[in-house]
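Novice: Sequences listed follow chains A and B, in order.
Going by full-length UniProt numbering, the letters in the first sequence line up with residues 1 to 336, in that order.
Going by full-length UniProt numbering, the letters in the second sequence line up with residues 1 to 336, in that order.
The beta carbon of each residue, even a glycine, is placed where N, CA and C say it ideally should be.
Handing you a structure now.
Number of protein chains: 2
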Amino acid sequence: MKTYNIAVVGPLGLVGRKVIDILVERRFPVGDIKFLGTSKNKNKKVEFNGESILTEVAKEGAFMDVDIAFFCVDSSISKYLAPIAVKEGAIVIDNSSAWRMDNNVPLIIPEVNPEDLHSHRGIISNPNCSTIQMLVPLKPLHDIYKIKRIVVSTYQSVSGTGKQGMEELNNQMIDYCFNVPMTSSVYPHQILFNVLPHIDHFLENGYTKEEMKMVNETKKILDENIKVTATTVRIPVFIGHSESVNIETEKPIKVEDVINILEKAKGVKVIDDIKSNSYPMPIHIQGKDEVFVGRIRKDFSIENGINMWIVADNLRKGAALNSVQIAETLIERNIL
Amino acid sequence: MKTYNIAVVGPLGLVGRKVIDILVERRFPVGDIKFLGTSKNKNKKVEFNGESILTEVAKEGAFMDVDIAFFCVDSSISKYLAPIAVKEGAIVIDNSSAWRMDNNVPLIIPEVNPEDLHSHRGIISNPNCSTIQMLVPLKPLHDIYKIKRIVVSTYQSVSGTGKQGMEELNNQMIDYCFNVPMTSSVYPHQILFNVLPHIDHFLENGYTKEEMKMVNETKKILDENIKVTATTVRIPVFIGHSESVNIETEKPIKVEDVINILEKAKGVKVIDDIKSNSYPMPIHIQGKDEVFVGRIRKDFSIENGINMWIVADNLRKGAALNSVQIAETLIERNIL
Numbered sequence: 001m002k003t004y005n006i007a008v009v010g011p012l013g014l015v016g017r018k019v020i021d022i023l024v025e026r027r028f029p030v031g032d033i034k035f036l037g038t039s040k041n042k043n044k045k046v047e048f049n050g051e052s053i054l055t056e057v058a059k060e061g062a063f064m065d066v067d068i069a070f071f072c073v074d075s076s077i078s079k080y081l082a083p084i085a086v087k088e089g090a091i092v093i094d095n096s097s098a099w100r101m102d103n104n105v106p107l108i109i110p111e112v113n114p115e116d117l118h119s120h121r122g123i124i125s126n127p128n129c130s131t132i133q134m135l136v137p138l139k140p141l142h143d144i145y146k147i148k149r150i151v152v153s154t155y156q157s158v159s160g161t162g163k164q165g166m167e168e169l170n171n172q173m174i175d176y177c178f179n180v181p182m183t184s185s186v187y188p189h190q191i192l193f194n195v196l197p198h199i200d201h202f203l204e205n206g207y208t209k210e211e212m213k214m215v216n217e218t219k220k221i222l223d224e225n226i227k228v229t230a231t232t233v234r235i236p237v238f239i240g241h242s243e244s245v246n247i248e249t250e251k252p253i254k255v256e257d258v259i260n261i262l263e264k265a266k267g268v269k270v271i272d273d274i275k276s277n278s279y280p281m282p283i284h285i286q287g288k289d290e291v292f293v294g295r296i297r298k299d300f301s302i303e304n305g306i307n308m309w310i311v312a313d314n315l316r317k318g319a320a321l322n323s324v325q326i327a328e329t330l331i332e333r334n335i336l
Numbered sequence: 001m002k003t004y005n006i007a008v009v010g011p012l013g014l015v016g017r018k019v020i021d022i023l024v025e026r027r028f029p030v031g032d033i034k035f036l037g038t039s040k041n042k043n044k045k046v047e048f049n050g051e052s053i054l055t056e057v058a059k060e061g062a063f064m065d066v067d068i069a070f071f072c073v074d075s076s077i078s079k080y081l082a083p084i085a086v087k088e089g090a091i092v093i094d095n096s097s098a099w100r101m102d103n104n105v106p107l108i109i110p111e112v113n114p115e116d117l118h119s120h121r122g123i124i125s126n127p128n129c130s131t132i133q134m135l136v137p138l139k140p141l142h143d144i145y146k147i148k149r150i151v152v153s154t155y156q157s158v159s160g161t162g163k164q165g166m167e168e169l170n171n172q173m174i175d176y177c178f179n180v181p182m183t184s185s186v187y188p189h190q191i192l193f194n195v196l197p198h199i200d201h202f203l204e205n206g207y208t209k210e211e212m213k214m215v216n217e218t219k220k221i222l223d224e225n226i227k228v229t230a231t232t233v234r235i236p237v238f239i240g241h242s243e244s245v246n247i248e249t250e251k252p253i254k255v256e257d258v259i260n261i262l263e264k265a266k267g268v269k270v271i272d273d274i275k276s277n278s279y280p281m282p283i284h285i286q287g288k289d290e291v292f293v294g295r296i297r298k299d300f301s302i303e304n305g306i307n308m309w310i311v312a313d314n315l316r317k318g319a320a321l322n323s324v325q326i327a328e329t330l331i332e333r334n335i336l
């Protein structure tokens, strides 16, 4: 079997670690693998498939023998380093927002727009977590009913901010339990037992960057004619983003048909049995690959509308898993 | 000064206690006051204005000398007991959902539809908490721009379920801190670090009762032509409900004008300075009377639309405070 030389850039972060786990889980045909970080994080041990491998410094020359480089680092690092990796012959699958809206970079969800991969010029971008989980179930509905507008409100977990977000929630909980004053450094306000209608920076138009990612990435990935309005909100949950999604379609749409379509859709699992109080929830979907959909119901306020509740593991399908699936699709389609 | 004889039915619950606090805070002109509960809860001490008063049994005959009875009990009890209280000469201000959609019962938010009070026949209903906080700021906007449609997703605290909801969240947190297996009895699933897209019972149409309350109560209170679609969600917050509200209006609407109108609106406070990360949050509004609005921004997905974020103390404006304000309005308007 043909194998591929892999680099994971940022192997110590939440998403980098998940990429490594998922490569093993899915028996990705790995040849050599290297873990690239900052010079500060040099020579740290990383486990891969029972082996202990030392991290190296991510710099010019590090990508000469690499086929696929998974970038799990901040935008600023990716902006600088991804072109170097491409020049040295690697294909970059980037998890940051650095390249997503670049016209020369395909923005890929394998279940939604794998065909866009064919135009890649070295860098392929992984969409924002909240966009990915929304579009996986909406794509098969859009194919049939043509979605005109999406109104979405999110309930996003602290792992979306990385390890430090999870640590902050955990520390605040321990402080609360032991009656010690809480501190906040990752978020501008306490996140424990609170809600922050604020994810990523604020933009001039009053929206956050996270909200505009959902608007713009949906247009780029699914259909430029779809209108999206988003409110993205951080809540005290460790892992798993939830979304309350309202869609308006051009054609008449029925709940039974939506359920049928989603039950057959790739990467989607329907959990929707209100008689047994079954619906998707963060605590149940952690560590799972699918995007979970429930609370599917007709929107009686418009002619053709549906409400639904979408939950996924933001570290897996929202990031690491989607990246690995992009690599798998490159191999399947022979476009490496 | 004229005073009024008061009864609080259900004085030991979260809302009952808040009604008692708020009567004192607002120097409501209380003559005699009595606290009525089940026979099980007879002779419990309740503090009122420095005095300790024993609870009595809520039964026929208990309302003979009462002017205003605040009902802070379940629907089933209210269904039975409110007509008795009215027959004995009291005006009932009821916090349950028992009478809200009854054509003979006005459903009142004093800032929104005080005029409906004039048609009362003894029972006056307090709307659902999530409806109240949504309509206080939407009313002045509806007056000018005519709201056609509302898409709302809620982030509701466990105090909406009463003391037992708060205890369950607290117990789960302690169990989590000390690594003890968690149990759930109030909610069908763990609420700590989780999200439940499920408040109140499920109905045949796939919506929860809470969701349909927002739809139907909005029509009754504000305008029967307004279309509402709602997703109501329980999150791990103790006190304070948040709402992501999207409105579509008939007339063109500008963000600056919305802010101006809301800054002048009775019972509303605008907190919307994204430069200083200021927006309404549950931890900041606990114990406050106003409905807080922020994240006010144009919805670019439709011609005339606005997104906003609305937070209020569900025990105060969402329940106890609104009830006391109804009583104050009855006095002001001389319709006792």
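1. I'd like to know whether the C-beta atoms of B/SER78 and B/ASP94 end up nearer to each other than 8 Å.
2. From which residue to which residue does the alpha helix (DSSP H) around A/LYS219 run?
3. A/VAL268 and A/VAL291 look like a contact to me (Cβ under 8 Å); what is the Cβ gap, rounded to whole Å?
4. Given a cut-off of 8 Å, decide if A/TYR155 and residue 337 of chain B are closer than it, judged by their beta-carbon atoms.
5. So, do the stretch 271-282 of chain B and the stretch 309-321 of chain B have three or more beta carbon pairs nearer to each other than 8 Å?
6. To test your reading of the DSSP string, which unbroken beta strand (DSSP E) runs of 3 or more residues are found completely within the stretch 131-156 of chain B?
7. Starting from B/TYR176, follow the beta strand (DSSP E) in both directions and report where the run begins and ends.
8. Does A/CYS129 get closer than 8 Å to chain B when you measure Cβ to Cβ?
9. Closer than 8 Å between beta carbons: that is the criterion. Which residues of the stretch 222-239 of chain A meet it against chain B?
10. Mind checking who B/VAL268 pairs with in its DSSP beta bridge?
11. Give me whichever residues DSSP pairs with B/MET308 in a beta bridge.
12. Please list the partners that A/MET182 has in chain B, where partner means a Cβ-to-Cβ separation under 9 Å.
13. Measuring only the C-alpha atoms, how far is A/PRO114 from A/VAL324?
14. So the beta strand (DSSP E) B/ASP32 belongs to, where does it begin and stop?
15. If the cut is a Cβ gap below 7 Å, which residues of chain A does B/HIS198 touch?
16. Quick one: which residues of the stretch 152-169 of chain A get their C-beta closer than 7 Å to a C-beta of chain B? List them in chain order.
17. Using the three-state DSSP reduction, which class does B/VAL92 fall into: helix, strand or coil?
18. Just checking, does the stretch 315-334 of chain A make contact with the stretch 12-19 of chain A on the three C-beta pairs under 8 Å criterion?
19. Can you say whether A/GLN164 is buried or exposed, counting buried as having 16 or more other CB atoms within 10 angstroms of its CB?
20. Could you give the uninterrupted runs of the alpha helix (DSSP H) lying entirely in the UniProt domain "Semialdehyde dehydrogenase NAD-binding" (5-120) of chain A, keeping only those of 4 residues or more?
21. Hey, is A/HIS189's beta-carbon within less than 8 Å of any beta-carbon in chain B?
22. Should the stretch 226-242 of chain B be regarded as contacting the stretch 113-128 of chain B, the criterion being three or more beta carbon pairs within less than 8 Å?
23. Thinking just about the alpha-carbon of each residue, which of A/SER130, A/GLU25, A/VAL180 is nearest to the one in A/GLU210?
24. From this set, B/HIS201, B/VAL245, B/LEU138, B/SER301, which residue's C-alpha is nearest A/LYS227's C-alpha?
25. So, are the CB atoms of A/TYR145 and A/LYS251 less than 8 Å apart?
26. Output, in chain order, the set of chain A residues within a Cβ distance shorter than 7 Å of B/ASP299.
27. Per DSSP, B/ASP273 is paired with what?
28. Ignore the nearest five residues each way along the sequence and tell me which others in B/VAL180's own chain have a CB closer than 7 Å to its CB.
29. Report, in whole angstroms, the separation of the C-beta atoms of B/GLY106 and B/LEU117, which I expect to be a contact under 8 Å.
30. Identify the continuous beta strand (DSSP E) that holds B/THR231 and give its terminal residues.
31. Report yes or no: do three or more beta-carbon pairs, one from the stretch 31-39 of chain B and one from the stretch 54-63 of chain B, lie closer than 8 Å?
32. Taking a cut of 8 Å between CB atoms, which residues from the stretch 245-258 of chain B lie near chain A?
33. Classify A/LEU196 as helix, strand or coil using the three-state DSSP reduction.
34. Less than 8 Å between the C-beta atoms of residue 405 of chain A and A/LEU336, yes or no?
35. Which residues in the same chain have their Cβ closer than 6 Å to the Cβ of B/SER184, if we skip the five residues on either side of it in sequence?
36. Flag B/TRP99 as yes if its beta-carbon sits less than 8 Å from any beta-carbon of chain A, otherwise no.
Specialist: Answer, in terms of the structure:
1. Taking the first residue of the second sequence as position 1, residue 78 of chain B is located at position 78. Taking the first residue of the second sequence as position 1, residue 94 of chain B is located at position 94. Contact: yes.
2. In the first sequence, counting from the first residue as 1, residue 219 of chain A sits at position 219. Segment 209-221, the alpha helix (DSSP H) holding A/LYS219.
3. Indexing the first sequence from 1 puts residue 268 of chain A at position 268. Indexing the first sequence from 1 puts residue 291 of chain A at position 291. About 5 Å separates the two Cβ atoms, so the contact holds.
4. As displayed, chain B neither begins before 1 nor continues past 336, which places residue 337 of chain B out of reach and without an answer.
5. yes
6. With a minimum length of 3 residues, the continuous beta strand (DSSP E) runs that stay inside the stretch 131-156 of chain B are 147-155.
7. Numbered from 1 along the second sequence, position 176 holds the residue referred to as residue 176 of chain B. Careful: B/TYR176 lies outside any beta strand (DSSP E), inside the alpha helix (DSSP H) at 163-177.
8. The residue labelled residue 129 of chain A in the question sits at position 129 within the first sequence. False, the Cβ-Cβ gap to chain B never drops below 8 Å.
9. LYS227, VAL228, THR229, THR231, VAL233, ILE235, PRO236, VAL237, PHE238
10. Here residue 268 of chain B refers to the residue found at position 268 when the second sequence is read from its first residue. DSSP, once it has assigned bridges, lists B/VAL291 as partnering B/VAL268.
11. By one-based count along the second sequence, residue 308 of chain B stands at place 308. Partner(s): B/VAL245.
12. As a working mapping, residue 182 of chain A is identified with position 182 in the first sequence. By Cβ distance, chain B contributes nothing, its closest Cβ being about 10 Å from A/MET182, past 9 Å.
13. On the first sequence, residue 114 of chain A is found 114 positions in, with the first residue counted as 1. On the first sequence, residue 324 of chain A is found 324 positions in, with the first residue counted as 1. Cα to Cα, the separation comes out at about 13 Å.
14. By 1-based counting over the second sequence, the position of residue 32 of chain B is 32. Per DSSP, B/ASP32 is one residue of the beta strand (DSSP E) stretching across 30-37.
15. The residue labelled residue 198 of chain B in the question sits at position 198 within the second sequence. Correct list: ASN277, TYR279.
16. SER153, TYR155
17. To locate residue 92 of chain B, count along the second sequence from 1; it is residue 92. If DSSP states are grouped into helix, strand and coil, B/VAL92 belongs with the strands.
18. yes
19. Here residue 164 of chain A corresponds to residue number 164 of the first sequence, with the count starting at 1. A/GLN164 comes out exposed.
20. 14-25, 75-87
21. Along the first sequence, read from residue 1 onward, the residue named residue 189 of chain A stands at position 189. So yes, A/HIS189 belongs to the interface.
22. no
23. Here residue 210 of chain A refers to the residue found at position 210 when the first sequence is read from its first residue. Nearest C-alpha to A/GLU210: A/SER130.
24. In the first sequence, residue 227 of chain A corresponds to position 227, counting from 1. Comparing Cα positions, the closest option is B/SER301.
25. Locating residue 145 of chain A in the first sequence gives position 145, counting from the first residue. Locating residue 251 of chain A in the first sequence gives position 251, counting from the first residue. In contact: A/TYR145 and A/LYS251 (Cβ atoms closer than 8 Å).
26. The sequence position of residue 299 of chain B within the second sequence is 299, counting from 1. THR229, listed in chain order.
27. By 1-based counting over the second sequence, the position of residue 273 of chain B is 273. B/SER278, per the DSSP bridge assignment.
28. On the second sequence, position 180 is the one that residue 180 of chain B refers to. Answer for B/VAL180: no residue qualifies.
29. By 1-based counting over the second sequence, the position of residue 106 of chain B is 106. By 1-based counting over the second sequence, the position of residue 117 of chain B is 117. A small correction: the amino acid at residue 106 of chain B is Pro; Gly does not occupy that position in the sequence shown. Yes, they are in contact, since the Cβ atoms of B/PRO106 and B/LEU117 sit about 6 Å apart, within 8 Å.
30. Along the second sequence, one-based indexing puts residue 231 of chain B at 231. Note, B/THR231: beta strand (DSSP E), 227-231.
31. yes
32. ASN246, VAL255
33. Here residue 196 of chain A refers to the residue found at position 196 when the first sequence is read from its first residue. Strand at A/LEU196.
34. Residue 405 of chain A cannot be examined here, being either before or after the span of chain A that is shown, 1 to 336.
35. Counted from its first residue, the second sequence places residue 184 of chain B at position 184. Correct list, in chain order: GLN190.
36. Residue mapping note: residue 99 of chain B aligns to position 99 of the second sequence, counting from 1. Answer no: the Cβ-Cβ gap between B/TRP99 and chain A never drops below 8 Å.
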